[in-house]
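There are 4 protein chains.
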Amino acid sequence: MSDDRRTRGTDRTQAIMRTTLELAQEFGYAKLSIEAVAARAGVGKHTVYRRWPSKGALFLDAVLTSGGPGLDYPDTGDLVADLRQQIRAAVDLLGRPPLGPLYQALVGEAQHDPRIAAALNERFIRPQADRTVARLRKAQQQGQLSAEFDLDLAMAILSGPLYFRLLITQEPLTHEYVERLLNALLAGMAPRP
Amino acid sequence: MSDDRRTRGTDRTQAIMRTTLELAQEFGYAKLSIEAVAARAGVGKHTVYRRWPSKGALFLDAVLTSGGPGLDYPDTGDLVADLRQQIRAAVDLLGRPPLGPLYQALVGEAQHDPRIAAALNERFIRPQADRTVARLRKAQQQGQLSAEFDLDLAMAILSGPLYFRLLITQEPLTHEYVERLLNALLAGMAPRP
Amino acid sequence: MSDDRRTRGTDRTQAIMRTTLELAQEFGYAKLSIEAVAARAGVGKHTVYRRWPSKGALFLDAVLTSGGPGLDYPDTGDLVADLRQQIRAAVDLLGRPPLGPLYQALVGEAQHDPRIAAALNERFIRPQADRTVARLRKAQQQGQLSAEFDLDLAMAILSGPLYFRLLITQEPLTHEYVERLLNALLAGMAPRP
Amino acid sequence: MSDDRRTRGTDRTQAIMRTTLELAQEFGYAKLSIEAVAARAGVGKHTVYRRWPSKGALFLDAVLTSGGPGLDYPDTGDLVADLRQQIRAAVDLLGRPPLGPLYQALVGEAQHDPRIAAALNERFIRPQADRTVARLRKAQQQGQLSAEFDLDLAMAILSGPLYFRLLITQEPLTHEYVERLLNALLAGMAPRP
DNA sequence: TATTAAACGAGACGGTACGTCGCGTCTTGGT
DNA sequence: ACCAAGACGCGACGTACCGTCTCGTTTAATA
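Chains as they are written, first to last, in the numbering used here: chain H, 17 to 209; chain V, 17 to 209; chain U, 17 to 209; chain P, 17 to 209.
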């Protein structure tokens with residue numbers, strides 16, 4: 017009847033995921049523990065385990081659920097402008113705090129647990145890729161993109177360097193970097209005749 | 017006295033790293049523990065901790081040390097041929113068993129521990145990048161590469177899509193993929209006039 | 017509709033107690049849990065808690081209810097013969113499987129929970145003692161028993177050594193032991209003049 | 017070097033058993049937990065489990081170790097006087113606080129765990145019985161005891177009624193009760209001729 | 001007959017404790 | 001003097017039950 021009742025009854029799930037993000041932000045994913053999540057969320061450990069099979073699965077859910085509005089593609093007719101805007105949005109969301117370090121940790125966890133990797137792919141990477149490919153296909157049909165370009169490959173080429181920076185060199189992802197990247201990819205590395 | 021003695025005496029370090037790789041291959045990095053390494057290596061835990069501050073650091077050392085001959089760049093004068101060969105070598109070494117999963121786990125660990133990330137960069141990523149950039153610069157001077165191309169960026173563009181496949185979509189890295197990638201990057205995405 | 021239905025409807029109480037004994041016999045009282053009883057009896061936990069406040073209370077009820085015909089005293093006029101027969105009956109019932117181990121566990125539980133001890137006394141020990149004392153009193157009046165003998169004490173003297181065997185040394189209770197015991201108690205330990 | 021060092025180094029065992037008795041006295045054996053013992057003793061749970069396989073085994077050790085000087089038999093030449101004194105001592109030690117309730121709980125636990133029962137017998141009951149039987153044998157040789165009396169049985173007859181009071185009716189064990197018991201057992205229940 | 005209250009199965013829930021594992025530090029005994 | 005062996009305090013794991021608490025669903029007794 018009360019708000020408390022409703023909140024607790026219908027969705028402890030939300031509270032647990034919220035707490036998970038809090039603790040991950042405060043102490044880092046590595047020091048996160050289901051024990052601590054349950055304690056701070058005021059919830060029994062079983063209630064967590066009933067919903068998620070592992071710390072990783074909980075974290076995945078928490079991060080992806082918090083993802084907010086998603087990253088929908090604009091379509092202004094100008095491919096480059098649209099790509100620029102979309103990649104900037106992705107970089108702003110996943111490349112810097114508060115979500116950046118969490119996303120980075122999530123990808124890290126995916127390296128240790130194939131179930132996390134699979135879930136991450138299905139729930140985030142692939143949908144995102146599909147949207148990108150769709151936009152690219154349209155551009156290709158309009159002649160804004162080299163006709164013979166493999167679009168799945170294009171997706172990897174656009175994303176890869178950003179992930180390389182995020183995960184490997186771990187330098188900040190700036191709009192300026194996005195800009196240089198787009199220009200380079202469009203032009204190609206071969207010398208101009 | 018014996019060979020055994022000398023091995024143990026002079027270089028327990030080697031034995032510990034070897035055991036680390038063994039266990040990581042058998043059970044996966046996630047289930048690796050210093051406890052188990054010390055036990056199987058027939059070594060006191062102290063002896064491990066005296067050499068490495070953490071499981072991650074030990075693993076990093078073990079993986080990088082095992083790296084074999086390194087990935088030196090050929091220089092036949094033909095940039096594309098050299099790139100192809102070098103990337104194929106890298107992919108063959110780090111993109112498939114036995115080393116592939118370990119390298120993947122190592123990059124994963126780097127997401128949780130900045131010290132591992134830093135060490136990985138210094139000891140492997142940067143040197144490798146430097147060699148690549150050097151080769152690219154030479155090619156640029158010879159007009160085999162677009163003059164205005166940012167070479168650091170080129171490095172990211174060449175590596176990124178491979179890491180994307182290794183870490184994110186986790187599909188196998190084939191020579192065929194390398195081929196398509198090289199072609200695409202050289203040509204650029206912009207439509208041919 | 018079926019027998020099952022009627023049984024469940026009219027007396028879940030019986031079903032729960034029956035299941036309790038089953039499980040206690042299969043796994044031992046120590047591993048008995050209300051959770052398991054409810055599950056096997058096909059009954060909600062609430063239905064158990066509505067009837068008994070604790071595992072111990074349930075077990076007490078189950079054991080005492082299963083007690084069968086009770087241990088009524090014969091009265092043939094011969095005290096020793098009657099005692100012999102009655103004690104043999106008690107020993108056969110409570111001193112050997114299937115009920116023996118359960119009764120033993122019940123007494124054990126009474127050491128940890130005063131409510132169980134009290135209930136055990138009221139529902140089993142005292143009535144049994146009263147019957148014994150009544151029989152002894154009659155014998156005393158008939159001169160078959162030393163006149164000044166404290167009858168409550170007599171009860172303890174008759175029962176005590178049996179419980180000592182059952183609970184402390186945990187050796188089997190045989191008719192032969194009963195025989196020796198009776199002879200000894202009647203004769204007394206003092207040397208014959 | 018310090019007292020702390022020595023105490024912790026040589027004998028955590030003592031500290032754990034001491035704490036066990038404390039907690040058992042404060043909250044009762046039923047509410048005792050290894051978790052709580054370890055916490056209050058300032059000791060890891062593992063350190064407890066390394067020494068004792070179960071709460072019961074720990075408790076047994078703690079109770080028996082605390083037993084103090086043991087219950088040695090006097091031998092004044094007068095059997096009845098000696099028995100009286102020895103039984104009084106036992107009753108004073110095990111029949112009243114602080115040790116009484118603990119001993120009662122220990123016997124209770126022995127009903128649920130055969131290993132405890134066995135250990136209790138070997139470490140306390142049997143030695144005590146042996147001493148009693150030895151004293152009785154001597155008395156028998158001196159004609160202070162009926163010649164044909166089975167001495168093992170005598171032990172059970174002397175102890176049984178006391179355990180019956182302690183465990184079953186759970187009434188207090190007084191010197192007066194001991195007195196009546198001794199008199200009755202010596203005289204026997206048969207009517208005086 | 002229709003209504004209503006109680007009992008019910010099922011099982012989620014906040015807790016406590018279990019017994020285990022591995023951490024990183026510290027101690028001991030043997031060579 | 002070094003080192004294997006492993007004890008130690010600690011924290012977290014994942015599990016089992018506790019006793020309480022909703023949920024709809026029978027079931028029975030009343031209106």
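Where is the CB? At the ideal position from N, CA and C, for every residue including glycine.
Counting C-beta neighbours from all protein chains within 10 Å, is the total for residue i 16 or more, i.e. buried, or is it exposed?
i	result
T92/H	exposed
D129/H	buried
P177/V	buried
A40/H	buried
F75/V	buried
A150/H	exposed
Q157/V	exposed
F43/H	exposed
S49/P	exposed
R22/U	Caution applies to R22/U, whose pLDDT of 38 falls short of 50 and renders its modelled position unreliable; the value that the coordinates give is listed next. It counts as exposed.
R142/U	exposed
G124/P	buried
D94/V	exposed
G111/H	buried
A163/P	exposed
In chain H, what lies closer than 7 angstroms to residue i by C-beta?
i	result
F180/V	A172, S175, G176 and Y179
A121/V	Q127 and H128
A150/V	Those within 7 angstroms of A150/V in chain H number zero; the least Cβ separation is about 16 angstroms.
Helix, strand or coil: how does DSSP classify residue i here?
i	result
D146/P	helix
A105/P	helix
E16/P	There is no way to answer for residue 16/P, as the model of chain P reaches only from 17 to 209.
M171/U	helix
D166/V	coil
L201/V	helix
L189/H	coil
G83/U	coil
R112/P	coil
G176/V	helix
Y89/V	coil
Compare the C-alpha of residue i against each of the options and name the closest.
i	options	result
G72/U	H191/U, L183/U, A135/U and L189/U	A135/U
T79/U	L109/U, G176/U and V96/U	According to the sequence displayed, residue 79/U carries Val and not Thr. Ranking the options by Cα distance to V79/U, first place goes to L109/U.
D16/V	E195/V, D168/V, P69/V and G111/V	Outside the modelled stretch of chain V, which goes from 17 to 209, sits residue 16/V, for which no answer is possible.
E51/U	F43/U, K61/U, E42/U and G44/U	K61/U
F165/P	S175/P, P177/P and L152/P	L152/P
G83/P	L115/P, G111/P, A57/P and P90/P	L115/P
A170/H	A200/V, E187/V, L169/V and R147/V	A200/V
A121/P	R100/P, Y45/P and R181/P	Y45/P
L182/V	D94/H, S175/H and T190/H	S175/H
P69/U	R131/U, P117/U and V107/U	R131/U
R104/P	A203/P, H191/P and A206/P	H191/P
Y65/P	F140/P, R100/P, R34/P and T29/P	T29/P
A133/U	A31/P, E38/P, Y193/P and Q186/P	Q186/P
P207/U	A206/P, L202/P and P207/P	L202/P
G159/U	E138/P, M205/P and R112/P	M205/P
L37/P	L197/P, Y119/P, F180/P and A155/P	Y119/P
V96/P	T148/P, I32/P and N137/P	T148/P
V59/V	T81/V, K47/V and R34/V	R34/V
For residue i, which residues in chain P fall below 7 angstroms Cβ to Cβ?
i	result
R196/U	D166 and L169
A133/U	Q186
Run down chain U in chain order and give the residues with a C-beta less than 9 angstroms from the C-beta of residue i.
i	result
I141/P	I184 and T185
L189/P	Simply none; closest approach about 11 angstroms.
G111/P	Here the premise fails: no neighbours, minimum Cβ distance about 14 angstroms.
Can you name the residues of chain V whose CB is closer than 7 angstroms to the CB of residue i?
i	result
Y45/H	H128
Closer than 8 angstroms by beta-carbon distance: list the chain P residues that pair up with residue i, in chain order.
i	result
S162/U	A203, G204, M205, A206, P207 and R208
Interface residues of chain V around residue i at Cβ under 9 angstroms?
i	result
G159/H	P207
Report the neighbours of residue i on chain V: residues whose CB is nearer than 8 angstroms to its CB, in chain order.
i	result
A40/H	Per Cβ cutoff of 8 angstroms: no residues; A40/H is ~11 angstroms from chain V at best.
Chain P partners of residue i, CB-CB under 9 angstroms?
i	result
G83/U	Going along chain P, no residue has its Cβ under 9 angstroms from G83/U, so there is no contact; the nearest lies around 16 angstroms.
Check your understanding: Fully enclosed by the segment 25-75 of chain P, which alpha helix (DSSP H) runs are 4 residues long or longer?
Key -> Positions of the alpha helix (DSSP H) runs, each at least 4 residues long and wholly inside the segment 25-75 of chain P, are given as 28-43, 50-57 and 61-67 in order along the chain.
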